[in-house]
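Mapping of the sequence shown onto the working numbering: residues 676 to 1045, in sequence order.
Here the structure comes first, spelled out in structure tokens, and everything after it is commentary.
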Amino acid sequence: MSDMLRAPAEVKYAEELEWLESVDDGAKPFSWRLSPKMVRLFILGSEPSDGLDREIPQKWFGDRTFVERSIVTLASDRGLLLIGDPGTGKSWLAELLSAAICRDSTQVVQGTAGTTEDHIKYSWNVSMVIAKGQSRESLIPSPIMTAMEQGSIGRFEELTRSTSDVQDALISILSEKYVSIPELDDDNTVFAKPGFSIIATANSRDKGVNDLSSALKRRFNFVRIPVVTNKRSETEIVRFRTTELLRRHSIELEVPPTLLDILLQSFTDLRAAAESATSDDEKLESALSTAEQIGVLEDAILHSRFFGDSTLRAQTLAGSMVGSLVRRTPEDLTILNKFWHGVVEPRSKSDGGEWTEFLEGGKQAIETLS
């Protein structure tokens, strides 16, 4: 893990997964490494009632029904589509599910405008084709085809970002569970082994970019992941990710609870302002997701570590927040300036303390960017 910038979940939690598999006596669908109950436990964490000899930490924070429906979908070998706003943890949930079920979350296709049918089926090693002709040896399987051959989970990120041709190519894979290779005379069909399925993610803000056809929709079970609005759950997520960040960078720095409260409250107030806005020009371009809160806190922590005295301060947090949320100028700057004077300033006067420093830090950052 020390040689990886970011270890996949199956590597990061390898010891935990091995232990869970060793004590798992539940029924397992297909070639699953863990039973559905153990998959859920790995993702949502253990409780005393589970009767385990060790505690399993929670890794994804959200309603358990979303996790259970996702697991049931994959056990039925239907495709799973996780859909929601940016930063709601769709990709992380997909990674955890893949790691728990087949111990491999790396068979991933990233959907973009440049994604082609080859990316989800196969392509060719041109030099080998020139030297020896087309054969199975010169074929380069896509991550989806590799998952089919292994009987594992293939992942498709940002499905609605890919073109309709690419989406249509998924229909036969999800329906027929095989891929034909017409260029070959023999050994020209790859059949999916039991356990194969696809987890796709889609950004609900991309509606209208490349809408899914009704035929493709029928081949997925939809699980909608809402934005986390519960303050307690959001606090747990931010603390969990921050602890990982500090450990990864070997930083010894305390995040004061008061500053975490300021960050969470500010995002709550910004979301409320966005909901009451009458036009897009009055809304920040940011989705104001939990992931973006973590990004703001990460920026502030690293700034404090490398350019401060290793003490996280409200002024630094405010500067990171303004710098992270301003994406359009002057629109976003105008919105934040109004927010700082209309919301943060009154809180500073009523609550004092670190709100006052947060107020000044935000004003300075806005002035600098103006």
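Glycine included, each C-beta is placed from N, C-alpha and C at the ideal position.
- Pairing A867 with Y853 gives a Cβ-Cβ distance under 9 Å.
- Residue ranges of uninterrupted alpha helix (DSSP H) with 4 or more members, entirely inside the segment 925 to 1013 and ordered along the chain, are 932 to 951, 965 to 982 and 989 to 1000.
- The bridge partners DSSP lists for V742 come to none.
- The alpha carbon of T918 has as its nearest neighbour, out of G726, K734, G762 and S697, the alpha carbon of K734.
- The secondary-structure analysis by DSSP pairs L859 with nothing; it has no beta-bridge partner.
- Cβ neighbours of E858 within its own chain (closer than 6 Å, five residues either side excluded): Q809.
- In the structure shown, Q1039 adopts helical secondary structure according to DSSP, grouped into three states.
- In the DSSP annotation of this structure, the continuous segment of the beta strand (DSSP E) that includes P816 starts and ends at L814 to P816.
- Around N800, the same chain offers S813 and I815 as residues with beta carbons nearer than 7 Å, after the five sequence neighbours per side are excluded.
- In this structure F1033 is in contact with L992, their Cβ atoms being roughly 7 Å apart against a cut-off of 8 Å.
- Taking the Cα of T791 as reference, the smallest distance to any Cα among S766, W767, I819 and L768 is reached at I819.
- Judged by pairs of C-beta atoms under 8 Å, the segment 684 to 696 touches the segment 774 to 785, as three or more such pairs exist.
- Between S999 and T763, the gap from beta carbon to beta carbon reaches 9 Å or more.
- If you keep only unbroken alpha helix (DSSP H) runs of at least 4 residues inside the segment 790 to 848, you get 801 to 807 and 818 to 825.
- Per DSSP, the continuous alpha helix (DSSP H) segment holding S889 begins and ends at S889 to K892.
- The Cβ atoms of S961 and D974 do not sit closer than 9 Å to each other.
- With respect to the C-alpha of D861, the residue from G829, G789, R811 and F982 having the closest C-alpha is R811.
- Closest by C-alpha distance to D843, out of N878, H1016 and L887, is L887.
- According to DSSP, I874 shares a beta bridge with L755 and R830.
- For F736, the three-state secondary structure derived from DSSP is coil.
- Per DSSP, T864 is one residue of the beta strand (DSSP E) stretching across T864 to F866.
- Within 10 angstroms of the beta-carbon of G1028 lie fewer than 16 other beta-carbons, which makes it exposed.
- When secondary structure is reduced to three states using DSSP, V783 falls in the strand class.
- Under the 8 Å Cβ criterion, the segment 929 to 949 counts as touching the segment 980 to 988, having at least three qualifying pairs.
- Nearest Cα to I1041 within the set R1002, S1025 and K1024: R1002.
- Counting C-beta pairs closer than 8 Å gives three or more between the segment 892 to 906 and the segment 752 to 768, which meets the contact rule.
- Rounded to whole angstroms, the gap between the alpha carbons of E911 and A788 is 35 Å.
- Straight-line spacing of the CA atoms in D678 and T1031 works out to 42 Å.
- Across the structure, R681 and T781 are spaced so that their CA atoms are roughly 12 Å apart.
- For F717, the enclosing alpha helix (DSSP H) begins and ends at P711 to L719.
- Between L755 and F895, the CB-CB gap stays under 9 Å.
- For V902, the secondary structure class from DSSP, reduced to helix, strand or coil, is coil.
- Annotated three-state conformation of F705 is coil, per DSSP.
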